[in-house]
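Have a look at the structure below, then the notes.
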Amino acid sequence: MFFLTNEIIFPPVENATEDGVVAMGGDLSVERLIEAYRQGIFPWFDQGSMILWWSPDPRMVLFPEEVKISKSMRSVLKKEIFKITFNTAFEDVIENCAKIKRQDQNGTWITDDMQEAYTKLHKMGIAKSVEVWHEGKLVGGLYGVDLGHVFCGESMFSKMSNASKAAFIFLANKLKTENYKLIDCQIYTDHLKSLGAREIPRTDFIEILKKKD
1 MFFLTNEIIF PPVENATEDG VVAMGGDLSV ERLIEAYRQG IFPWFDQGSM
51 ILWWSPDPRM VLFPEEVKIS KSMRSVLKKE IFKITFNTAF EDVIENCAKI
101 KRQDQNGTWI TDDMQEAYTK LHKMGIAKSV EVWHEGKLVG GLYGVDLGHV
151 FCGESMFSKM SNASKAAFIF LANKLKTENY KLIDCQIYTD HLKSLGAREI
201 PRTDFIEILK KKD
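As structure tokens, this is what we get:
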């Protein structure tokens, strides 16, 4: 296992373990986070544990033009139940993502340090959010790291049925019009698959990540 030092350097993702762990240790400085995402690596670890850096193979992604909107979801969106905004309440979104209770999870991997680090990225214009509102209250949203041609999704939350789906569909449609290559969804979930995301080889993902044009 590769242990990170103060130097901001990562080993090749091809050296990752079978589970996708590239390295351990280091910190959550904005410089290290930016370098990690540029190489297709992201942090994911439990509270109190050493930082783990991941690059799974295969990689779950959504090509924006492939987003799936079910008939029932089209009806929800048409009724305009939600007001959806972009990058207007980042800190509220990440706090809700950290606090929301999830099935089969004890606690959260979005630690206080993680929130602080990504809020710094947000203030630099790199981390961004989608917010879903209902009757003036924040009921859903997502956040991630914007590389300019790839949006690296980090987490989403929903306090109301269909709210996180609405956020994801909004993001996909926005990025489609702006010619983004893909949304990085990191790892497989049935929820993401239902929205059109699919797994691709890590080599394909890295190739897309490196091509900004």
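Quick note: the sequence shown, position 64, residue 64 per the numbering used here, numbers continuous. Every residue, glycine too, gets a C-beta built ideally from N, C-alpha and C.
Limits of the unbroken alpha helix (DSSP H) element including K123: 112–123
Neighbourhood of V150 by C-beta distance below 8 Å, restricted to the same chain and skipping five residues each side: Y180, K181, L182, I183, D184, I208, L209
Simplified DSSP state of P43, which is helix, strand or coil: strand
Alpha-carbon to alpha-carbon, D57 and N15: 11 Å
Residue range of the unbroken beta strand (DSSP E) whose run includes S155: 150–158
Neighbour-count burial assignment, T111, 16 or more Cβ in a 10 Å radius: buried
Neighbourhood of K120 by C-beta, 7 Å cutoff - its chain only, sequence neighbours within 5 removed: V30
Burial state of A96 (16 or more Cβ within 10 Å): In the sequence on display, residue 96 carries Asn and not Ala. With 16 or more other Cβ atoms within 10 Å, it is buried.
Beta bridge counterpart(s) of W53 as assigned by DSSP: A23, P43
Inter-residue CB distance, G25 and M60 (contact presumed, cutoff 8 Å): In fact, because the Cβ distance is near 25 Å, the residues do not count as touching under 8 Å.
Alpha carbon of M124 to alpha carbon of Y118, nearest angstrom: 10 Å
Where the alpha helix (DSSP H) through V76 begins and ends: 71–78
Per-residue DSSP class, three states only, for A127: strand
8 Å Cβ cutoff met for W44 and A23: no
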